[in-house]
């Protein structure tokens, strides 16, 4: 089965510019997650979707970050305007859903963002 | 609130010697616990998971972990390290109701020939 797909793999932008990342989850996975992984740290959840509804966006900096999951399948994460501290790897993951065995999230390869 | 603490930021071993990566957890109820591995420029891969079944959990590539409730620990072990095991390892606790994963800060494993 195909894994979680993300694009682009790398992106370099200047501060105050905007950027968008795309994620296509594993087919049939109802839940989609976006994580931010700053160098030297563990991933931190930004937003969680259940189908096309938001379950948890408590850690999303809503003044500059936005995310959508139209039609409950693929998703985009946008940053506008970017700051230097947004430099990180942005990981997308998907799962069958809350409390559904095997309680596992499957991760994509990530997008490495560098803000200069 | 749930959390995990990885007790070592770096671990170095020689090839063929045992590996021990330490993790303590904090949870108000019986947790689901995971170990993920991240190779350079690769996505996170699940090594193994504990979900209240057997306390000794076997994973891929010869890794295993033991859930010890009395010690609130979930240490990752492997009898004999291989060069390909060099990577970043994350101990993770999950909220069963939301699937939210809380990651530790990671342990970088170096394997010397």
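Protein chains in written order, with this note's numbering: chain U, 1445 to 1560; chain A, 14 to 126.
Cβ atoms here follow ideal geometry from the backbone N, Cα and C, with glycine treated the same way.
Computed from a prediction, not measured in an experiment: that's the story for all the values here.
>> Comparing C-alpha positions only, which one of U:1559, U:1535, U:1518 and U:1466 sits nearest to residue 1478 of chain U?
In response: What you label residue 1478 of chain U is simply residue 34 of the first chain in a count that begins at 1. When each option's Cα is compared against that of residue 1478 of chain U, the closest is U:1535.
> What is the rounded straight-line gap between the Cα of residue 1492 of chain U and the Cα of residue 1498 of chain U?
Replying inline: Within the first chain, the letter at position 48 stands for residue 1492 of chain U. Within the first chain, the letter at position 54 stands for residue 1498 of chain U. Between residue 1492 of chain U and residue 1498 of chain U, the C-alpha separation is close to 6 Å.
>> Buried or exposed, going by whether 16 or more other CB atoms sit within 10 Å of the CB of residue 1513 of chain U?
In response: Walking along the first chain from the start, residue 1513 of chain U turns up at place 69. Residue 1513 of chain U is buried by the Cβ-count criterion.
> At what residues does the beta strand (DSSP E) containing residue 1451 of chain U begin and finish?
Replying inline: Here residue 1451 of chain U refers to the residue found at position 7 of the first chain. Unbroken beta strand (DSSP E) run through residue 1451 of chain U: 1449-1451.
> Hey, how far is the Cα of residue 1560 of chain U from the Cα of residue 1483 of chain U?
Replying inline: Working through the first chain from its first residue, we reach residue 1560 of chain U at position 116. Working through the first chain from its first residue, we reach residue 1483 of chain U at position 39. Our two residues, residue 1560 of chain U and residue 1483 of chain U, have alpha carbons roughly 15 Å apart in a direct line.
>> Measuring only the C-alpha atoms, how far is residue 85 of chain A from residue 37 of chain A?
In response: For the purposes of this step, residue 85 of chain A is identified with residue 72 of the second chain, where counting begins at 1. For the purposes of this step, residue 37 of chain A is identified with residue 24 of the second chain, where counting begins at 1. As the crow flies, the alpha-carbon of residue 85 of chain A is around 6 Å from that of residue 37 of chain A.
>> Residues of chain U with CB closer than 7 Å to the CB of residue 59 of chain A, please, in chain order.
In response: Looking up residue 59 of chain A in the second chain gives position 46. The contacting residues are 1548.
> Which residues does DSSP pair with residue 37 of chain A in a beta bridge?
Replying inline: In the second chain, residue 37 of chain A corresponds to position 24, counting from 1. DSSP output for residue 37 of chain A lists A:18 and A:86 as bridge partner(s).
>> At the level of alpha carbons, what is the spacing between residue 121 of chain A and residue 19 of chain A?
In response: As a position in the second chain, residue 121 of chain A is number 108, starting the count at 1. As a position in the second chain, residue 19 of chain A is number 6, starting the count at 1. It is roughly 11 Å from the alpha-carbon of residue 121 of chain A to the alpha-carbon of residue 19 of chain A.
> Which bits of chain U does residue 116 of chain A rub up against, with CB to CB less than 7 Å?
Replying inline: Counting from one through the second chain, the residue named residue 116 of chain A turns up at place 103. In chain order: 1486 and 1487.
> Measuring CB to CB, does residue 59 of chain A end up less than 9 Å from residue 75 of chain A?
Replying inline: For the purposes of this step, residue 59 of chain A is taken as the residue at position 46 of the second chain. For the purposes of this step, residue 75 of chain A is taken as the residue at position 62 of the second chain. For residue 59 of chain A and residue 75 of chain A, no; Cβs fall outside 9 Å.
> Within this structure, are the beta carbons of residue 1463 of chain U and residue 1522 of chain U separated by less than 9 Å?
Replying inline: Along the first chain, read from residue 1 onward, the residue named residue 1463 of chain U stands at position 19. Along the first chain, read from residue 1 onward, the residue named residue 1522 of chain U stands at position 78. Cβ atoms of residue 1463 of chain U and residue 1522 of chain U: closer than 9 Å.
> Which residues, in order along the segment 35-66 of chain A, keep a beta-carbon less than 7 Å from a beta-carbon of chain U?
Replying inline: Cβ contacts with chain U come from 45, 55, 56, 57, 59, 62 and 64.
> Would you call residue 1456 of chain U buried or exposed, if buried means 16 or more other Cβ atoms sit within 10 Å of its Cβ?
Replying inline: As a working note, residue 1456 of chain U is residue 12 in the first chain. Per the 10 Å Cβ criterion, exposed.
> Given 8 Å as the limit, is there contact between the segment 1500-1518 of chain U and the segment 1548-1556 of chain U, that is, 3 or more CB pairs closer than that?
Replying inline: The segment 1500-1518 of chain U makes no contact with the segment 1548-1556 of chain U; the number of CB pairs closer than 8 Å stays below 3.
>> Tell me the residue span of the beta strand (DSSP E) that contains residue 57 of chain A.
In response: Residue numbering aside, residue 57 of chain A sits at position 44 when the second chain is read from its first letter. Counting along the chain, the unbroken beta strand (DSSP E) around residue 57 of chain A starts and ends at 57-63.
> With a cut-off of 9 Å, does the C-beta of residue 1537 of chain U fall near any C-beta of chain A?
Replying inline: Locating residue 1537 of chain U in the first chain gives position 93, where the first residue counts as 1. Closer than 9 Å: yes.
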